[in-house]
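> Residue numbers (the working numbering), protein chains in the order written: chain V, 1 to 117; chain S, 118 to 233. We treat Cβ as the ideally placed atom computed from N, Cα and C, and that holds for glycine. Quick one: the structure is below, and I'll ask about it shortly.
Structure follows, in C-alpha cells:
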C-alpha cells in the first residue's frame with residue numbers, strides 16, 4: 001500500500017466548477033510534488049513544494065492553484081478547467097529537495113483520475 | 118540536455134522467462150538513474166536507483182539493473198518473469214546540469230506484458 005494518500009480517487013467536474021484534490025503523507029518528507037499524467041505517458045511535473053514553500057512552478061496555467069497547509073498536506077485547487085485537463089493527477093513526496101545531487105526517490109500516491117466535462 | 122530513452126514501447130515475455138527492459142541515457146557528468154513501475158490504476162512505485170558504486174543494483178520484487186557507462190545504458194532485468202510483473206515501466210534520470218535544480222526526466226515508458 002502506498003504511504004502517500006490521495007483523495008478523491010475519481011472526480012468528474014464541469015468547466016465552471018471549483019474543486020480540490022488532496023494529498024497527505026506521514027513519512028516526514030519535506031518535499032512534495034504534483035504531477036499530471038495522460039494515459040500510457042510519463043508523468044509531467046507541475047509543482048514542487050520544499051519545506052512548505054513553492055519552489056518550482058513548471059509554467060502551469062493559473063486555473064491550477066497549489067497549496068501546502070503544512071508539511072504533511074498538499075492540495076491542488078481547480079477552477080475553470082478545460083476538457084484537455086482530464087488526466088491522472090499524481091502527488092509524490094521525497095525525503096528532501098536536494099536539487100541536482102538528490103538521490104532520494106519519489107514516493108507516489110495512487111492518483112486522482114480527473115474528468116472535465 | 119539530460120534525457121533517457123526507452124526504445125521499446127512494449128515487451129512481451131512468457132512467464133518464467135527472463136525479462137529485460139531497456140533504457141539508455143544521455144547526460145553530462147555522472148548520472149543519477151532510477152526505475153519506476155506503474156501497475157494499472159496505481160501511481161508509480163520506485164524499484165531501484167543507481168547513484169554510484171556497484172554497477173549491478175538490486176531492487177524490489179526481484180528486479181535488478183546494470184549500469185553500463187561505456188554503453189550509456191541502465192537496463193532493468195528480472196531472471197524469471199511473473200504474470201503479475203505486467204505493468205508500465207519508466208526509466209528516469211535526474212538532471213544534474215549546472216543550471217538545473219535536479220528535475221527528474223522520465224523516459225516514454227515500456228509496457229511489459231507477461232503471458233502465462
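May I have the straight-line CA-CA distance separating residue 5 (chain V) from residue 88 (chain V), to the nearest angstrom?
Position 5 of the first chain, counted from the start, is the residue given in the question as residue 5 (chain V). Position 88 of the first chain, counted from the start, is the residue given in the question as residue 88 (chain V). Taking the straight line from one Cα to the other gives about 14 Å.
> Spatial neighbours of residue 150 (chain S) within its chain, please: C-beta separation below 6 Å, excluding the five flanking residues on both sides.
Residue numbering aside, residue 150 (chain S) sits at position 33 when the second chain is read from its first letter. The answer, listed in chain order, is 167, 191 and 210.
> Mind listing, in chain order, the continuous beta strand (DSSP E) runs of no fewer than 3 residues lying wholly within the segment 3-32 of chain V?
4-7, 10-13 and 18-25
> Listed from N- to C-terminal order along the chain, which residues in the segment 15-43 of chain V have their beta-carbon within a distance smaller than 8 Å of any beta-carbon of chain S?
Listed in sequence order: 40, 41, 42 and 43.
> Do you know offhand how far residue 225 (chain S)'s Cα is from residue 132 (chain S)'s?
Translated into positions along the second chain, residue 225 (chain S) becomes position 108. Translated into positions along the second chain, residue 132 (chain S) becomes position 15. For residue 225 (chain S) and residue 132 (chain S), the distance between alpha carbons rounds to 24 Å.
> Got a sec: which bits of the segment 199-213 of chain S sit with their beta carbon under 9 Å from any beta carbon on chain V, in order along the chain?
205, 207, 209, 211, 212 and 213
> Chain S partners of residue 108 (chain V), CB-CB under 9 Å?
Position 108 of the first chain holds residue 108 (chain V). Going along chain S in sequence order, the residues near residue 108 (chain V) (Cβ under 9 Å) are 153, 155, 159, 160, 161, 162 and 163.
> Does DSSP put residue 157 (chain S) in a helix, in a strand, or in coil?
Position 40 of the second chain, counted from the start, is the residue given in the question as residue 157 (chain S). Three-state result, residue 157 (chain S): coil.
> According to DSSP, simplified to helix, strand and coil, what is residue 84 (chain V)?
Here residue 84 (chain V) corresponds to residue number 84 of the first chain, with the count starting at 1. Residue 84 (chain V) falls in the helix class under three-state DSSP.
> When Cβ atoms are compared, which residues of the segment 218-231 of chain S fall closer than 8 Å to chain V?
218, 219, 220, 221, 223, 224, 225, 226 and 228
> Does the segment 196-207 of chain S come close enough to the segment 121-139 of chain S that 3 or more CB-CB pairs lie under 8 Å?
yes
> Out of curiosity, what's the CA-to-CA distance linking residue 161 (chain S) and residue 120 (chain S)?
Numbered from 1 along the second chain, position 44 holds the residue referred to as residue 161 (chain S). Numbered from 1 along the second chain, position 3 holds the residue referred to as residue 120 (chain S). Residue 161 (chain S) and residue 120 (chain S) have their C-alpha atoms roughly 19 Å apart.
> Counting only C-beta atoms, is residue 6 (chain V) closer than 9 Å to chain S at any point?
By one-based count along the first chain, residue 6 (chain V) stands at place 6. True, the Cβ-Cβ gap to chain S drops below 9 Å.
> When you compare the CB positions of residue 94 (chain V) and residue 114 (chain V), do they come within less than 9 Å of one another, or not?
Residue mapping note: residue 94 (chain V) aligns to position 94 of the first chain, counting from 1. Residue mapping note: residue 114 (chain V) aligns to position 114 of the first chain, counting from 1. Going by C-beta atoms, residue 94 (chain V) is not nearer than 9 Å to residue 114 (chain V).
> Tell me the rounded alpha-carbon separation between residue 39 (chain V) and residue 67 (chain V).
Counted from its first residue, the first chain places residue 39 (chain V) at position 39. Counted from its first residue, the first chain places residue 67 (chain V) at position 67. Taking the straight line from one Cα to the other gives about 26 Å.
> Below 6 Å CB to CB, which residues in the same chain sit around residue 27 (chain V) once its five sequence neighbours on both sides are set aside?
Counted from its first residue, the first chain places residue 27 (chain V) at position 27. Around residue 27 (chain V): 3.
> In chain V, what lies closer than 7 Å to residue 149 (chain S) by C-beta?
Taking the second chain and counting its residues from 1, one reaches residue 149 (chain S) at position 32. By Cβ distance, chain V contributes 103.
> For residue 222 (chain S), I'd like the list of residues in its chain whose CB is within less than 7 Å of its CB, leaving aside the five on either flank, ordered along the chain.
Walking along the second chain from the start, residue 222 (chain S) turns up at place 105. Cβ neighbours of residue 222 (chain S) beyond the five flanking positions: 119, 120, 121, 209, 210 and 212.
> Near residue 105 (chain V), which residues of its chain fall below 8 Å by C-beta distance, leaving aside the five closest residues on each side in sequence?
Residue mapping note: residue 105 (chain V) aligns to position 105 of the first chain, counting from 1. Counting only Cβ-Cβ distances below 8 Å, and skipping sequence neighbours, we find 94.
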